[in-house]
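In our numbering, the protein residues as written are 128 to 285.
Given below as structure tokens:
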């Protein structure tokens, strides 16, 4: 079986864009078992409330839910287990440097397939305050209203 080329996005964490200011995006490999990758390809996973931690010089993704594969028997694993991320030493040091002493965290934003391998896009994140979230809602609503107005203008035949 040949490996696919390009990027096939499986999951997106839209909630992260609303809750955090995101910066310094990185792509990391994801260590999965056979039944987990099958379940992930079937779309039975969720990134909500997931986050990245550093332990013993390694990055781990926590609270990423990958449902048990329906045809998996004894090979199914715990859906919420911590999964290892594959990053270079330079990337790990950069993340560690950014996290020390600041109000930053690391959150996953996307899970995708690249040439047949599961990858995670992670980003450094700083939490938004309530007024920042309100501003984001106002901006989103304004864009929606402008889009409706532009679509309505084309229908009138002006």
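Glycine residues also receive a C-beta, built at the ideal position from the N, C-alpha and C atoms.
Predicted model, so just to flag it, every value in this text is computed and none were measured.
Residues near residue i by beta carbon distance below 8 Å, same chain, minus five either side
i	result
residue 151	221, 225, 250 and 251
Reference residue i, options the options, closest by Cα
i	options	result
residue 185	247, 244, 230 and 213	213
residue 181	216, 203 and 205	216
residue 211	246, 236 and 227	246
residue 155	205, 197, 141 and 187	187
Span separating the alpha-carbon of residue i from that of residue j
i	j	result
residue 240	residue 270	31 Å
residue 274	residue 264	15 Å
residue 128	residue 139	Residue placement at residue 128 cannot be trusted, given a pLDDT of 43 that sits under 50; what the coordinates show is reported in the next sentence. Cα to Cα, residue 128 sits roughly 27 Å from residue 139.
residue 255	residue 200	42 Å
residue 168	residue 230	34 Å
residue 258	residue 145	12 Å
residue 134	residue 198	26 Å
residue 268	residue 261	11 Å
First and last residue of the uninterrupted beta strand (DSSP E) at residue i
i	result
residue 150	147–157
Same chain, Cβ closer than 6 Å to residue i, neighbours up to 5 away in sequence not counted
i	result
residue 162	196, 199, 202 and 203
Limits of the alpha helix (DSSP H) - the one that residue i falls within
i	result
residue 208	No alpha helix (DSSP H) holds residue 208; DSSP gives it neither H nor E.
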